[in-house]
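Protein chains: 2
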Amino acid sequence: MSGVQPDVTVVRLGHRPQRDKRITSHLGLTARAMGASHFILCGEADDKVLETMTDVSTTFGGDFTAEYAKGALRTIKRMKADGVTIVHLTMYGEPHPKVAAALQQTERVAIVVGGAKVPGEIYKLADYNVAVGHQPHSEVAALALFMDGLMGGVAGPERFPGARLEVHPHPSGKVVVDHSEDAKSSE
Amino acid sequence: MSGVQPDVTVVRLGHRPQRDKRITSHLGLTARAMGASHFILCGEADDKVLETMTDVSTTFGGDFTAEYAKGALRTIKRMKADGVTIVHLTMYGEPHPKVAAALQQTERVAIVVGGAKVPGEIYKLADYNVAVGHQPHSEVAALALFMDGLMGGVAGPERFPGARLEVHPHPSGKVVVDHSEDAKSSE
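These protein sequence lines are chains A and B, in that order. Position 59 of the first sequence, counted from 1, bears residue number 59 in the numbering used here, the numbering being contiguous throughout. Position 26 of the second sequence, counted from 1, bears residue number 1026 in the numbering used here, the numbering being contiguous throughout.
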């Protein structure tokens, strides 16, 4: 993958704490693991779900941030006015590999992920309405697959500096390097 | 992508109906959208979640099936004895692009997706323990990304014959072809 990776913010629409807490936290963790830098939660406020996605950085590194924003349309309009390219994930949109390729030189991208009901205005506001397949499936899967194309793969360890724990690949076991132990042994 | 696509079964471990219903249904819908043919639910029985994933075929086509199986280890052992290649998704495993490439000539693959606690025996039973990145994220995202490499992309319309509704890509609107209307108008 050539070129510089865009700075990515993921915007989750219409969050309902009781019903959506696990899907929204999966969206946040996926956004972080794929190399997004920021997450904006719209819908109902939910501090706990925001903590779930940012707490993981304390252990596994990086500087992923998350915030709540009231008013999804206003938030997206403001980003667009500020020069951010708006991508809306929907099963009705254009094929994702085509759009990911078109965005290779883009500096800042907001990926908007729908909730229960997406207002029609979002479709018009978006620079790209993007479909990851045209079957009903999962916004978590759609986000992962679109970001995979946009970022050129899953984010590597260089994306997560300052990790206390680092997982190394192994064919059948669990290898976790604990850097806080390094610190202790060098005291 | 050259070669024949493998026949894929997704096995979900340790399902708990109350807590996991949405994540498990997202796993099932993602499995179907990525071209898996079958889903096996382990843990606690849950007819409703199985219906969620198979009902979608009535509208959107294909012949994706889903069943409950008691005893995850026994189920996986039986598949393995029957010649199915077992892939276990875990953040501790080997990099996913390498494994997806190694499986290009494989006829039948079971992809095992963990629940809350995965017994150590699964790691030994698996032909491949596969990590989609080494960060904590989402089993839905991991399944989508691994299957994307294994199947050479998201499944196309040829995978879903007999669809009543078919979504066509559009840059800003919703285009849904209703084949039951075709049937009516030709009466």
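Built from N, CA and C at the ideal position, the CB exists for glycine as well.
Report yes if the C-beta distance between residue i and residue j is below 7 angstroms; otherwise report no.
i: Val1130 (chain B); j: Leu1089 (chain B); result: yes
i: Gly1149 (chain B); j: Ala1100 (chain B); result: yes
i: Gly1043 (chain B); j: Gly1014 (chain B); result: yes
i: Ala1163 (chain B); j: Phe1060 (chain B); result: yes
i: Arg1159 (chain B); j: Gly1028 (chain B); result: no
i: Glu139 (chain A); j: Leu73 (chain A); result: no
i: His38 (chain A); j: Thr65 (chain A); result: yes
i: Val1008 (chain B); j: Ala1036 (chain B); result: yes
i: Glu1094 (chain B); j: Pro169 (chain A); result: yes
i: Val167 (chain A); j: Tyr1123 (chain B); result: no
i: Val1177 (chain B); j: Tyr1128 (chain B); result: no
i: Ala1141 (chain B); j: Thr24 (chain A); result: no
i: Thr1085 (chain B); j: Thr1106 (chain B); result: yes
Buried or exposed: residue i, going by 16 or more other Cβ atoms within 10 Å of its Cβ?
i: Ala1081 (chain B); result: exposed
i: Arg1016 (chain B); result: exposed
i: Glu67 (chain A); result: exposed
i: Pro1006 (chain B); result: buried
i: Val132 (chain A); result: buried
i: Glu187 (chain A); result: Unreliable placement is indicated for Glu187 (chain A), whose pLDDT of 39 sits below 50; no coordinate value is reported for it.
i: Gly173 (chain A); result: exposed
i: Arg1032 (chain B); result: buried
i: Arg1012 (chain B); result: buried
i: Ala116 (chain A); result: exposed
i: Met1001 (chain B); result: Because Met1001 (chain B) sits at a pLDDT of 45, beneath the cut-off of 50, its placement in the model cannot be relied upon, and the following sentence gives the value as read from the coordinates. Met1001 (chain B) comes out exposed.
i: His179 (chain A); result: exposed
Since residue i and residue j should fall inside the 8 angstroms C-beta cutoff, what is the C-beta to C-beta distance between them, to a whole number of angstroms?
i: Leu1145 (chain B); j: Leu145 (chain A); result: 7 angstroms
i: Val1113 (chain B); j: Val1010 (chain B); result: 6 angstroms
i: Pro171 (chain A); j: Val1056 (chain B); result: With 8 angstroms as the limit, Pro171 (chain A) and Val1056 (chain B) do not qualify as a contact, their Cβ atoms being about 36 angstroms apart.
i: Lys77 (chain A); j: Leu41 (chain A); result: Contact flag wrong, Cβ pair sits at about 17 angstroms.
i: Lys1021 (chain B); j: Asp1046 (chain B); result: 7 angstroms
i: Ile34 (chain A); j: Met151 (chain A); result: In the sequence as displayed, the identity of residue 34 (chain A) is Met instead of Ile. That belief holds up - the Cβ atoms of Met34 (chain A) and Met151 (chain A) are roughly 6 angstroms apart, short of 8 angstroms.
Can you determine whether any heavy atom of the ligand PLP sits closer than 6 angstroms to the C-beta of residue i, and answer yes or no?
i: His134 (chain A); result: In the structure on display, the ligand PLP does not appear, and there are no ligands present to speak of.
Quiz item: Using a beta-carbon distance cut-off of less than 7 angstroms, what residues from the stretch 1117-1137 of chain B approach chain A?
Solution: Residues of the stretch 1117-1137 of chain B that bring their beta carbon within less than 7 angstroms of a beta carbon in chain A comprise Tyr1123, Lys1124, Asn1129, Ala1131, Val1132, Gly1133, His1134, Gln1135, Pro1136, His1137, in sequence order.
Quiz item: Considering only residues of the stretch 81-139 of chain A, which uninterrupted beta strand (DSSP E) runs meet the minimum length of 3 residues and lie entirely inside it, listed in chain order?
Solution: 85-95, 108-113, 128-131
Quiz prompt | alpha helix (DSSP H) segments (min. 4 residues) lying fully within the stretch 14-72 of chain A | solution = Correct list: 17-33, 47-60.
Quiz item: What are the residues of the stretch 45-75 of chain A that lie near chain B, defined by any Cβ-Cβ distance shorter than 7 angstroms?
Solution: Val56, Phe60
Exercise. Name, going along the chain, the residues of the stretch 1085-1105 of chain B whose beta-carbon falls closer than 7 angstroms to a beta-carbon of chain A.
Key: Flagged, chain order: Met1091, Tyr1092, Gly1093, Glu1094, Pro1095.
Quiz prompt | Interfacial residues, the stretch 162-175 of chain A to chain B, with Cβ spacing under 8 angstroms | solution = Glu166, Val167, His168, Pro169, His170, Pro171, Ser172, Gly173, Lys174, Val175
Quiz item: the stretch 1144-1155 of chain B: which residues have C-beta closer than 7 angstroms to a C-beta of chain A, in chain order?
Solution: Ala1144, Leu1145, Asp1148, Val1154, Ala1155
Exercise. Check distances from the C-beta atoms of the stretch 4-25 of chain A to those of chain B and list, in chain order, the residues that come in under 9 angstroms.
Key: Listed by position along the chain: Arg19, Asp20, Arg22, Ile23, Ser25.
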